[in-house]
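Position 15 of the sequence shown, counting from 1, maps to 14 under numbering that gives the first Met the number 0, and the rest follow consecutively. C-beta: ideal position from N, C-alpha, C; glycine also. Everything numeric in this text was worked out from a predicted model, so none of it was measured. Below is one structure, written out as structure tokens; comments come after it.
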Amino acid sequence: MIQLTTAIACYEYNYVMIRCRCQRDWTSGRSLTSRRSVLYFGRYEGSARQAPPEGARTVVNVMSIRTRVVLVIIGLMVLAVVINLLRTRRLKEEYALLWLVAALSLVVGPLLIDPLDALAYFLGVDYPPAVYLGVGIIGLLLILFQLSLNISRFSDTIRVLTQEVAILSQRVQGLEQRFEPPQETNAEED
């Protein structure tokens, strides 16, 4: 059960201070702790946003242990699939590096969510999941860039091989015509 003990709204500075006292949740048996959050909503005047009052910061809900465990298990499954594909030689080493980095980030990311949130706040990002989404998009773009480079290289190789096969086919036809005995026609005259 969560009790809201204090809620102070200061509209002059556009922030709300919320103090929650969390008691034991008897349905799940978890012990919840007290926390104090200062949320800054940000007032816009023209194009510049006003600075928050001292001590105020944007706070998002902390990821639960259950969610972290599920994400680590998913990351371990992805890591196992990538390693198995490498082991069976169905995934080449040149493609595996970025997939291994992605799988390791899925394993380590949920474990280091608090330091990553602190880093996002330090960088000035108000909503830390936006940083994770941005890093994920950049990772996927790197994978797509690597695949595009390989497609370009393979298309050039295929073009050269096709030209070589055409030249060899023409040579074989020329040799067959030169060494083929002339066919005699048995035309009977009436």
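Boundaries for residue 63: no alpha helix (DSSP H) harbours it, and the DSSP string shows neither H nor E there. Under the Cβ criterion (8 angstroms, minimum of three pairs), the segment 102–114 does not count as touching the segment 153–162. Between residue 73 and residue 105, the beta carbon gap of about 6 angstroms places them in contact (Cβ cut-off 8 angstroms). Counting every other CB atom within 10 Å of its CB across the protein chains shown gives residue 119 a total of 16 or more, marking it as buried. In this structure, DSSP gives residue 87 a state outside helix and strand, which the three-state scheme calls coil. Boundaries of the alpha helix (DSSP H) harbouring residue 131: 127–178, taken from the DSSP string. Residue 183 sits in coil when the DSSP states are folded into three classes, being neither helix nor strand.
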